[in-house]
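Engineer: Same order as they appear, the protein sequences are chains A and B.
The end of the first sequence is residue 851 by full-length UniProt numbering, with every number in the run present.
The end of the second sequence is residue 129 by full-length UniProt numbering, with every number in the run present.
Think of the CB as a built atom: it goes at the ideal place given N, C-alpha and C, for glycine as much as any other residue.
Source: prediction; values computed, not measured.
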Amino acid sequence: MTSDAFDLDDLPPAEPYDEARDKAQRERLLTTWQSPKGWRYLSDVNNSEVGLWYLLTSFAFFCFAGVLALLIRTQLAVPGNDFLSQDLYNQVFTLHGTAMMFLFAVPIFEAVAILVLPEILGARDLPFPRLSAFGYWCFLIGGVFVCGSIFFGAAPDGGWFMYAPLSSNPEYSGVGADIWLLGLSFIEVSSIAAAVELIVGVLKSRPPGMRLNQMPLYCWYVLVVAGMILFAFPPLIAGDLLLELERAFGWAFFDPDRGGDPLLWQHLFWIFGHPEVYIVFLPSIALIATILPTFASRPMIGHSWIVLSAVGVAFLSFGLWVHHMFTVGLPEISLSFFSAASEAVAVPTGIQIFCFVATMLVAKVRPSLPMLFAGGALAIFVFGGLTGVMVALVPFDWQAHDSYFVVAHLHYTLIGGMLFPLFAGVYYWYPFVTQRQTNQKAGKWSFWLMFGGFNLAFLPMHWTGVMGMPRRVWTYDVTDGWAVLNMVSTVGSFIFAAGFVVLAVNVLWPRGKHAPVKRNVWNAGTMEWSAEVPDKPWGVRSIPLIKSRYPLWDQPGLLDQIDRGEWFLPDAKEGKRELIVTDILDARPLFVQRVPGPSWLMLFAALFLGTSFIVATYHWWTVALISGAAFVAVTLYWLWTGTAHIPEKTEKYVGRGLTLPTYEAGAGSVGWWAVFITMTGDMTAFVGLVFSYFFFWTVLPDFMSTTEAMPFGWLLLGFAGVLGQWGLTVAARGQLAGRAPGAAIGALIAAPVAGVLGMAAFAWAAMQAGLDPTRHSFDATIWALLLWLSVHVALGLLMQLYTAARIWAGICTPDFPADLRNLTLYTHFLAVTVIMTFAMLAVFPLWLGAL
Amino acid sequence: MKHPTRPRAPRLIDDGSLWIVIAAPSIWAAHFLISYWVAAIWCAKIGGSLLDVRWIIAALGLASIALIGLLALVAVRRYGGTLIIFEEITEDSRPARERFMGHVSLLLCILSAVAVGFTVIPGLVMQTC
Ligand code: HEM
Ligand SMILES: [Cu+2]
């Protein structure tokens, strides 16, 4: 059959069922996908295991942060209390906010997505299972480090947004601020890794036939949220970098005496921080959007309206950051822009809620535990949204700013918008994960305790806030008149905690001996419920052709066909873990992707990387360097052994008359997409630095005139050198394609030489002009840009040598050029970085001088 | 390397129906950032009355809305986007997928245009920084 004639709507019928064959296939699939046993279990990479670890770890951090919340409430229960010292109180509330946001709210999204996304897609796994495992280990190590600091009295205490100059001056803030900066940067890296995995997963790992208009809402949300992570976290990483450079080496970014500005931190933080609120909130909406149709027994009304709203919210939420800075004295006109966006974002948010309500109204919703939580969530969230519109109005914000009114608003949106839907999801997918059912009665108890306790705790805070109680106060006086309300809040928070304990016990209760639930217990329409009972590690017995948004409802006989292995890839003849990669628009099958199995490498990589971040906190630079080098070595080994193998045969029969290639390079491959997406995030971090440059230029009248100009000739040389690194890589790609591997290796070795020389010229130019990063923000900004560039030149160097070695070893060849194609893509981004750097160092000052 | 059977897939860039979805909100984002920058630089470097930059704000807003309008036209013409409310585009075919994307793009154009409008209004109403 020729390729063009192949029509997915007209597949040949499946081969007749043969019990012996089915049994053999199942056997082979099972051995291929089995989790390792015993302590080797920890080397597993299967999404269902990694997702579960992720989920449990996030909940552990939630419990930790929750205990801190109870400490806060105990301290505030009565006036003049001395249960916690003021210093400890500061650490406790900072760590509460930090852990809730960074160690629970974001990772839980990734956890749930890694756990259920592949199954909703009817895929066996995500395309980079080892990357997920690596991300998980980074998250665990970083989280334990950040949380553990409080047991040594060394926790961060500057509030969860770490405002400079409190955080930038080591005299005001101890090692806690370093722990916050380095520990969280480390975790942000793992969030971005997960985002890359999820984006590629949704775009390229859909089952054949699942066109974009057939894609379940949950996948749309995952796509949107992962995209937001990719644009929101990098500016914070850039901010972390600047702040740590100031703390550790005295660079001048936030110190007004040296031309710095603490407001820069606020900008970089909130460019992350507001989208963060939606990064936390949208995944929970996604859970409701998945659960609701099941209990309404009908498709969601306004599917495309919800997609539009999710995309719209994702964009608009980036235009809101300054609404956290209404009181810092920005020009009123700027404030009004942000106020406008804050009101505009209510429109798409409202549309989603509206579609949910409409679906509930036209259908008769089956009452159930997940729906109870979803309903409670909606009630709380709508209330929180109303107070949000209130604080988005500039005049009201001036009244309520930094009072308990804000604490109340924030928890109404977070708990209503994220926690309750999440609990709905926990009860909904519990049978999916464990194949048992929770105790429904205890579930109701947990709901009512939490719902009542929550309102009792947080409703009074609106009044304490309006009466003038500021947030983050350690204690207060009887004469303030807030004592009764605070006591009520404390009692409420303990009731809430009791409700959570009921939930936790209900979920963790060992039910090994209980009868398993029947398949698809809730009678849902999405693919994750196609799993057999008891569950198998292979994800799906055979990968079906999807023709509907709710295949289990609309494609009769689907389950039997899947079980009998009538669909694609029913076998693992070569003993390799295999996925089908499809195209982004119509999900036409493109090729078979082999994914690597269990390995300890990711754990080691995470350990080394973690160590280097952790010791950097204490400024033990040598150890940090050694351990960083060990990380690089392990990673290179991991890449060498785990990626882009030349397959033993170029194509493979996958069933139903379809034969697919087993290798792909360039824009069709998943590796290329991963590089593209990662580098987009990297570029965003760089844009954070660019923002800093122009920010300083805007606020400082003498930003550029504090030093003499950098010599243009040297800058030009530097520019040419780094561009050369790019050009030579592109040339190498051409040489390899032209079947001249020797020339390609030569170009790949020459490329980093050009880059390093270019970097030296840049540095020389800066030194010639006498730029000293500790002197003034201009000098510091220029050096920060150069630092960024040099790290990327160095990364390019590593990858160029790696690829040269791969060509030499015959793994990267003219017919199998994936490594080189990915490297070239990387250097395209390098080229853009150097062009922008050159523009800021040479062109822009020149242009200003000429004005 | 010989080519095995493989159903031909539409090319992402030629087909374009993914780009058009994010194009309109991207214009909103660009407009938002430029307005913010113009205002910030004006207020910090030049200062004084906003009346002088009013035409810039208006022109930027109009240009963005015109661009978004153009995109909306593409969404309707090329992808058959319509403003349906309750009809769902669930059919399993390539034209249905295009229509779905056209529909979503069209809605996003409207949302983006409204949001641009929201940004322009204060620029026209305010007198000083
Ligand atoms: C379990 C029930 C919870 C209780 C009783 C609680 C209690 C509190 C209290 C009293 C404060 C104010 C501390 C102060 O200003 O002195 C606070 C702050 C905060 N909470 Fe919670 N909280 C809870 C759950 C959550 C959740 C689920 C999240 C996020 C997902 C969260 C995120 C935050 C944040 C970001 C802050 C601000 C911290 C700061 O000012 O730096 N909380 N919480
Ligand atoms: Cu916000």
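Below 9 Å between beta carbons: does that hold for Ile677(A) and Ile120(A)?
Structural biologist: Not in contact: Ile677(A) and Ile120(A) (Cβ atoms no closer than 9 Å).
Engineer: Identify the contact partners of Arg94(B) in chain A, using a Cβ-Cβ distance below 9 Å as the criterion.
Structural biologist: Arg211, Leu585 and Asp586, listed in chain order.
Engineer: Taking the straight line between their C-alpha atoms, what separation do you get for Ala75(B) and Ile306(A)?
Structural biologist: Roughly 18 Å separates the two Cα atoms.
Engineer: So that I know if they touch, is there some Cβ in chain B lying closer than 9 Å to that of Thr698(A)?
Structural biologist: Chain B, which has a Cβ nearer than 9 Å to the Cβ of Thr698(A), makes this yes.
Engineer: By a C-beta neighbour count over all protein chains shown, 10 Å radius and 16 as the cutoff for buried, is Val202(A) buried or exposed?
Structural biologist: Label assigned to Val202(A): buried.
Engineer: Taking a cut of 8 Å between CB atoms, which residues from the stretch 344–357 of chain A lie near chain B?
Structural biologist: So the close ones are Ala344, Val347 and Pro348.
Engineer: Using a Cβ-Cβ cutoff of less than 6 Å, which residues in the same chain neighbour Val484(A) once the five nearest sequence positions on both sides are dropped?
Structural biologist: Excluding sequence neighbours, Val484(A) sits near nothing in its chain.
Engineer: Can we count Gly721(A) as close to ligand 2, meaning its CB is less than 8 Å from some heavy atom?
Structural biologist: Gly721(A) Cβ: outside cutoff for every heavy atom of ligand 2.
Engineer: Nearer than 8 Å: is that true of the beta carbon of Leu372(A) relative to any heavy atom of ligand 2?
Structural biologist: Every heavy atom of ligand 2 is 8 Å or more from the Cβ of Leu372(A), so no.
Engineer: Report yes if the C-beta of Ala377(A) is less than 8 Å from at least one heavy atom of ligand 1; otherwise report no.
Structural biologist: No.
Engineer: So is the beta-carbon of Leu787(A) under 8 Å away from any non-hydrogen atom of ligand 2?
Structural biologist: Flag unset: Cβ of Leu787(A) not near ligand 2.
Engineer: When you compare each of Thr659(A), Val793(A) and Ala709(A) to Pro752(A) by their alpha carbons, which one comes out closest?
Structural biologist: If we check each option's Cα against that of Pro752(A), Val793(A) comes out closest.
Engineer: Would you check if the distance between the CB atom of Asp157(A) and the CB atom of Gln214(A) is smaller than 9 Å?
Structural biologist: Not in contact: Asp157(A) and Gln214(A) (Cβ atoms no closer than 9 Å).
Engineer: Which residues in the same chain have their Cβ closer than 6 Å to the Cβ of His462(A), if we skip the five residues on either side of it in sequence?
Structural biologist: Once the five neighbours on either side are set aside, the close Cβ partners of His462(A) are Phe405 and Ala408.
Engineer: Kindly confirm or deny that the stretch 756–770 of chain A and the stretch 710–726 of chain A touch, where touching means at least three C-beta pairs closer than 8 Å.
Structural biologist: At 8 Å Cβ cutoff, the stretches touch.
Engineer: Assign Lys513(A) to buried or exposed, taking buried as 16 or more other Cβ atoms, counted over all protein chains shown, within 10 Å of its Cβ.
Structural biologist: With fewer than 16 other Cβ atoms within 10 Å, it is exposed.
Engineer: Considering just the uninterrupted stretch of the alpha helix (DSSP H) at Lys652(A), what are its terminal residues?
Structural biologist: Careful: Lys652(A) lies outside any alpha helix (DSSP H), inside the beta strand (DSSP E) at Glu651 to Gly655.
Engineer: Alpha carbon to alpha carbon, how far is residue 855(A) from Ser35(B)?
Structural biologist: No statement about residue 855(A) is possible, as the shown extent of chain A runs from 1 to 851 and does not include it.
Engineer: Between Ala113(A) and Phe61(A), which are expected to be in contact by the criterion C-beta below 8 Å, what is the C-beta distance as a whole number of angstroms?
Structural biologist: Not a contact, Cβ separation roughly 17 Å.
Engineer: Please report the straight-line C-alpha distance between Phe494(A) and Val389(A), rounded to a whole angstrom.
Structural biologist: Phe494(A) and Val389(A): Cα-Cα distance of roughly 29 Å.
Engineer: For Trp321(A) and Ile271(A), which I take to be in contact (beta-carbon distance under 8 Å), what is that distance rounded to the nearest angstrom?
Structural biologist: Indeed, because the Cβ distance is near 5 Å, the residues count as touching under 8 Å.
Engineer: Looking only at DSSP bridge pairs, what is Val144(A) linked to?
Structural biologist: Answer is none; Val144(A) lacks a bridge partner.
Engineer: Following the continuous alpha helix (DSSP H) through Ile199(A), name the residue where it begins and the one where it ends.
Structural biologist: Segment Val175 to Lys204, the alpha helix (DSSP H) holding Ile199(A).
Engineer: Please tell me whether Gly319(A) and Ala344(A) are closer than 9 Å, where the distance is taken between their beta carbons.
Structural biologist: Cβ atoms of Gly319(A) and Ala344(A): closer than 9 Å.
Engineer: Using a C-beta cutoff of 9 Å, does Leu393(A) count as contacting chain B?
Structural biologist: Not an interface residue.
Engineer: Any chance you could list the beta strand (DSSP E) runs of at least 3 consecutive residues sitting entirely within the stretch 237–282 of chain A, in chain order?
Structural biologist: Within the stretch 237–282 of chain A, no complete beta strand (DSSP E) run reaches 3 residues.
Engineer: Cβ closer than 9 Å: which chain A residues qualify as neighbours of Ala58(B)?
Structural biologist: Neighbours of Ala58(B) on chain A: none; closest Cβ ~14 Å, over 9 Å.
Engineer: Could you check if Gln735(A) is buried or exposed, using at least 16 other CB atoms within 10 Å of its CB as the buried criterion?
Structural biologist: The residue is buried, with at least 16 neighbouring Cβ atoms inside 10 Å.
Engineer: Report the option in Ile229(A), Tyr221(A), Ser304(A) and Leu8(A) whose CA atom is closest to the CA atom of Ile84(B).
Structural biologist: For the residues Ile229(A), Tyr221(A), Ser304(A) and Leu8(A), the minimum Cα distance to Ile84(B) belongs to Ser304(A).
Engineer: According to DSSP, what are the bridge partners of Phe568(A)?
Structural biologist: Looking at the DSSP assignment, Phe568(A) forms a beta bridge with Ile543(A).
Engineer: Heavy atom of ligand 3 less than 8 Å from the Cβ of Trp321(A), yes or no?
Structural biologist: As presented, the structure is devoid of ligand 3, carrying ligand 1 and ligand 2 as its sole ligands.
Engineer: Using a beta-carbon distance below 9 Å, is Trp28(B) in contact with chain A?
Structural biologist: Closer than 9 Å: yes.
Engineer: Could you check the C-alpha separation between Gly668(A) and Leu18(B) for me, to the nearest Å?
Structural biologist: Cα-Cα distance, rounded: 16 Å.
Engineer: Pull out every residue of the stretch 303–323 of chain A whose Cβ sits closer than 9 Å to any Cβ of chain B, in chain order.
Structural biologist: Those would be His303, Ser304, Trp305, Val307, Leu308, Ser309, Val311, Gly312, Ala314, Phe315, Leu316, Phe318, Gly319 and Val322, in chain order.
Engineer: Distance, Cα to Cα, Ser112(B) vs Trp137(A)?
Structural biologist: Spanning the two alpha carbons is a distance of roughly 40 Å.
Engineer: What residue from Val507(A), Leu30(A), Val466(A) and Ser85(A) has the CA that sits closest to residue 859(A)'s CA?
Structural biologist: Summary: the structure shown does not reach residue 859(A), with chain A confined to residues 1 through 851, and so no result is reported for it.
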